[in-house]
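Position one of the sequence shown corresponds to residue 84 (this note's numbering), numbered consecutively onward.
Glycine is no exception: its CB is placed at the ideal position from the N, C-alpha and C atoms.
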Amino acid sequence: MTATLTAQTFTFNAPDGDNVWTTDSNWEGGSAPGTNVGGALFITAGDVTGGSPAIPITGINLDYTNISQLVFTAAGVTNNYDLQGTGSFTFNDDADIINQKTFTNTISVDIVGTGDRLNITSDEASIEIAGNVDLSDTGGVNLNFETDSAILEVDGVISGTGGSVTINTATSDGIGVNLFGSNTYTGGTTLGGNVNIDNNSAFGTGAITVNDDSNLSNLAGASLTLDNNINITLGSTLTYNDDDNLILDGIISGSNTFAKGGSSTLTINGSNTISGNFNFSGGTVIAGNNAAFGTADVNITSNTAIQSDSDLRSLTNDFAISSGATMTYSGSSNLAISGVISGSGAINMTTSSTLLLSGNNTYSGGTTFTTGTLSLNNDNALGTGTLTLSGNGTIQSTNDNRNIANNINTNGNSLTFQGVQAITLSGVISGSGDITRSASGTLTLTGANTFTGGIDNAQGTIIAGNNNALGTGTLTASGDTTLQSSTDSISLSNAMSIDAGQDLTIGGTNDIALTGIISGAGNFAITKSDLSDVAISGANTYTGTTTLSGGTTIFGNDDAYSSSAVSITANHGFQSTSEDRDVDNDISIGGSATLSFTGDNDMELSGTLSGTGDISVINSGNTLTLSNNNTFSGDLNIFAGTVDLTGSVDGNVIINNTGSVLAGTGTVGGNVTNNGFIAPGTSPGTLSITGDYTQGSLSFYLFEIADTGTAGTDYDLIDVTGSATLAGTIIVLPLDSYEPEIGDTFTAVQTGGGITGEYDFITSGLPAMFSVEQSVSGNDLILEVVEQPLGEAVTARNLVFAAEAFQRIRNSSPTGDLETVIDELETLAQQPLEIAFEQIVPNYLVTQSEATFKGIDVQNNNINGRLNELRYGLPRSFSNNLQIQKPENAETPVDPETAIAMYLQVDEQQQALEQQQETFRFGGAGKGLWSSWVSGFGTFGDFDPALSQAGYEFNTGGVTFGFDYRLMETLAAGAFVGYSNTGTTVDGGQGSNYANTINSGLYMTWFNEEGFYVSGLFGGGVNFYENNRRIVFGNIDRVAESSATGFYLQALASGGYEYAYGNWGFGPQLALQYVNLQIGSHSESGADSLNLDVGAFQGNSFVTRLGGRITYKYETPDLLLVPELVGFWQHEYLSNFNTVTVGVPSGSESFAYTGIEPSRDSGLLGVNLIGISHDSPLTFSVQYNVEFIPNEFIVNNIFAGLRITF
């Protein structure tokens, strides 16, 4: 700044060089100023000599007033000066202290300001005010510092009521204002640049206003405390960027930014109202008040530590952490942050205190956890990054259940969860560290975790939502622990350890599988409120007790419950789904609890079953073995599956239905009620009942015989101490070692109290030649083997007569091959015996007749297609498409007279043409009346078994030739001849037969223009049969062969009506069909004594076929296409199979044989296509139909034909 000369100036240049202020010769003009200066003071002192670096100017021992300027001018000298003395300088209003030199100049006398303002400025070098500055003039004086290039320093005290300081400097390093005094001025400080302080009172007692970007530095080398309020105005930033600590006790207000850098600690204690930003880029910031940051956003732009001065701090501010920056929470006091923490930076917790985060945070840089407690009151409290442990830490929630999605890296450390709130961890937990649960709340783990340190659970519940939820380490129940799964598909492979005196309980409502080893001295329990499963497959070694309440245990290992005693306090289930199990634990079933057995595998309980509860068996197809002397007093209920009782039970046994079995050689202490199956022994053996035995009407006793001899040793025995009430069925099952003899007797039921009733049915597995009868002898039920005739052993109605014939042969003591046949029949049980007689009878008659009847149906359908062609295939000359061109149709214009003449001539020609067509139509003369045709067909039939009669399949292929003549346009007649071959195969390799058929016949059809039509057919055919009947039973395996000739006659009448609607046609149709089939008698060869003489066969069929047709005429200039859909209900009125007399020449016997016919009602569906050429004499047709009776037969038919008209 350049000094402005006033009315009076004094220039100190010290030409004599004595440096004394009052020496007149030191002043230009030769006179020193008086105490009332009345102008400006210029200090040049170019000739002065003195000390270095500062040249003292002494002798200022008076108080000088009325000074307008004090200027240190350059004047080419290089010295700097120090104005010294005991006096003072009093400056006028708006006076200036200016340094124009390039070196620092010092004013060591006191300065007094008057008026409104005192300016201290420098364009070059620094100014140091070593004395005090008094700003107490009326209303207070403003001390205004301005510099862009130097340091303006005040070492003394700045005082004065109402006095204020304004600082306007550049913000570059090495520039600014230094305040060293313990200042007392009260008017406040306005900052606009750099200010450096080394005193707690550097800013006096007034407020600090930041009007421009300002930097605050600490020169004390120690911590400073400022009580001043600070107002940061819009657009301004106050920066504290120092390595020495600073404490701010005043109120920080305004709407802009407070920034902090450096390694220092900044403590903010005021209840601040600032609404702008706090930008922190280093060091430590201590929040000494809940409103320390006002309502401002806090931005962490570089690594910064945040602390709290007490456990009561709660910050509502939003925080933003820049990329690469870390906000470290340190210190010994707790801190709560409820604002949102955002950005891509990280959080590092290094204190043992608690950091409470409740904002919906989004920061992504992750969280590092060294020690202390993280209290998470928001699901997103940890942002989106990974939580990494660099030391042991604790997590809790204090306000609600939490779902934390962050990945967690334990990094070899321990993470503890405490508090009663439920916490869900859905991220992946990794590392070699462990997890500890220390509170009674719930910890849910759903990630595919890989951490290896295990889980130490002191109390509360752990819920696994993933097969790897528990990592790979051990789950230690150091306190009472409940383990659950969140879905039905969880399988945990972790080892588990239960501390002494503690319980590990498997709970929840979802299935869970435990495949690891459960060890320790504690107790294991399953507590479930439903039927969910707990699968246990480890060879467990825990030594405590096992308590079961609800749910089902799936045993994947015999030692699932180690060797512990098991107590069942509420309904529980046992099952095995992988392999058979032997569970040797002692089991107590308490109260009214029920132990249920289900699953897909056998299980043995070899321990002792005690208590007052029940056992329920629902184990279809599998066996529960009770091999110990059990003392439980409840009921043993068998609903499905088998109980093999090789030990004993004290209570009652109820066999509830036909899917349940009581077997074994054990003892029942109570009563046995059998509504299913009872099977004593171990093939054979004795089942003992101390109480009473009751067998229901729908139940069964499986009675096995190994030999005659001792009851319970050679054959089964039910030994009842009480009484027995019998009904239902006893099934006699001979073992391989038993050879029955007529008169063998057996004691099946032995009682002490007598028998009421007897068995309703006796089913024998003995050869069909033997039967079993029952009787009561004393208190016992006795079975006796008696002879059974073959006619009674065979129950199928179509085989009884054959069986009776062979019984007569048996009674005649046959010899030779016939004796061999009888001997083989005597070894067969009832069902194999019926199969044998199905092969003995001429069953091929059934296949022959049915295949023939179906073949006739095929032929008639083929002819029916030809009749449809006749109705649609009128000759082209019969149509009205031929028109004479009339004048109005002419393409060339004519004059009126010519037109009239042409019209009359054309009309006469048209009438003549129509008359000619009418003659053709009803006279039968004309071109295209004769037709010849050929069609091929294939039939594929499949008949299901019927009672004892085997099923069979047949295939027919053939060709038919025919010709017809159109007597009138609506009346045609014709004749046909055809050939077909049919092959039939009986199921089970029981034989085959073939038929060659030649047939012929006549047909006709009539129809009118209104849509009515009737058709008729009469014909017949000759059949040539080749038969192969295979006979296989016991050691018999033969084939009987024969040839036969047959013929048939057939008649068919059908009619219907076709409604026309545009190109569509639809209407009903009725057909009546009669067939008489005869097959001549014939004799067989090749089967030795089983060759038969088969009498003549005759079958009759009268079928009505009621249904309808839907057609559509699609016509092009060259072709008429008529697709057709047909459907019919068919009913048979006659018998297709009459009784045939069959002789057995080797035994001089005969029997009557009648096959089993299909049901009388069947369906037929078909699709057909007729194509008629307009321009050539060709017509084609394609047909498919299927005839069926569900569960009896299905016959598929395919036709294709070609007709030529001439």
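Annotated as distal: Met1087 and Ser1075, with beta-carbon spacing of 9 Å or more. Judged by beta-carbon spacing, Asn312 lies within the 9 Å limit of Gly333, meaning their Cβ atoms are closer than that value. For Pro1206, the enclosing beta strand (DSSP E) covers residues Leu1202 to Glu1215. Under the three-state reduction of DSSP, Leu901 is assigned to helix. Nearest to Glu111 by alpha-carbon distance, out of Phe95, Val120, Tyr1197 and Thr118, is Phe95.
Taken atom to atom, the span from the alpha-carbon of Phe1234 to that of Glu887 is near 8 Å. Glu875 is the residue among Asn881, Glu875, Ala879 and Arg880 whose C-alpha sits nearest the C-alpha of Arg891. Taking Gly768 as the centre and dropping the five residues before and after it, the same chain places the C-beta of Thr748, Gly795 and Asp799 closer than 7 Å to its C-beta, in chain order. The three-state reading of DSSP puts Ile946 in helix, counting H, G and I together. By the criterion of a C-beta distance shorter than 8 Å, Ser561 is surrounded in its chain by Asp539, Asn540, Ala541, Asp582 and Gln585, once the five residues flanking it on both sides are discounted. Asp325 is positioned such that its CB atom lies no closer than 9 Å to that of Asn352. Taking every protein chain shown into account, the CB of Val869 has fewer than 16 other CB atoms within 10 angstroms, so this residue is exposed. Pairing Thr316 with Gly275, the inter-Cα distance amounts to about 11 Å.
Closest option to Asp1201, judged by alpha-carbon separation, among Thr630, Gly634, Asn735 and His1257: His1257.
Assigned with DSSP and collapsed to three states, Arg1112 falls in strand.
Proximity of the segment 1055-1064 to the segment 1271-1288 falls short of the contact definition, fewer than three beta-carbon pairs being nearer than 8 Å. Shortest Cα-Cα distance from Thr454 to any of Phe263, Tyr412 and Ser219 involves Tyr412. The way I'd put it, the segment 901-921 does touch the segment 1115-1126; three or more beta-carbon pairs between them come closer than 8 Å.
Taking all protein chains shown into account, Asp165 has 16 or more neighbouring C-beta atoms within 10 Å of its C-beta and is therefore buried. Here Phe884 carries a helix assignment [DSSP, helix/strand/coil].
Annotated three-state conformation of Ser780 is coil, per DSSP. Beta-bridge pairing by DSSP links Gln390 to Ile369. In terms of CA proximity to Asn490, Thr533 leads the group Tyr1096, Thr533 and Thr1224. Remark: C-beta atoms of Gly899 and Ser1172 approach each other more closely than 9 Å. Shown here, Ala919 sits in a helix according to DSSP, grouped into three states.
Shortest Cα-Cα distance from Gly1024 to any of Phe936, Ala746 and Ala807 involves Phe936. Boundaries of the beta strand (DSSP E) around Ala1123: Ile1119 to Tyr1140. A direct Cα-to-Cα measurement between Phe341 and Thr387 gives close to 14 Å. The DSSP assignment places 297-301, 307-309, 313-315, 320-324, 329-331, 335-337, 340-344, 348-351, 360-363 and 367-370 as complete runs of the beta strand (DSSP E) inside the segment 294-370, in order along the chain (cut-off: 3 residues). If you look at Gly1057, you'll find it isn't in any alpha helix (DSSP H); it sits in the beta strand (DSSP E) that goes Leu1054 to Val1069. The C-alpha of Ile291 lies about 30 Å from the C-alpha of Thr148. Of all C-beta pairs linking the segment 853-873 to the segment 820-830, three or more are shorter than 8 Å, placing the two stretches in contact. Residue environment analysis places Leu395 among the exposed positions, since fewer than 16 neighbouring C-beta atoms fall within 10 angstroms of its C-beta. Here the segment 1129-1143 makes no contact with the segment 916-926; the two share fewer than three CB pairs at distances below 8 Å. Inter-residue distance for Gly811 and Phe786 is about 13 Å (C-alpha atoms, whole angstroms). With a cutoff of 9 Å on beta-carbon distance, Ile721 and Gly694 are scored as not near each other.
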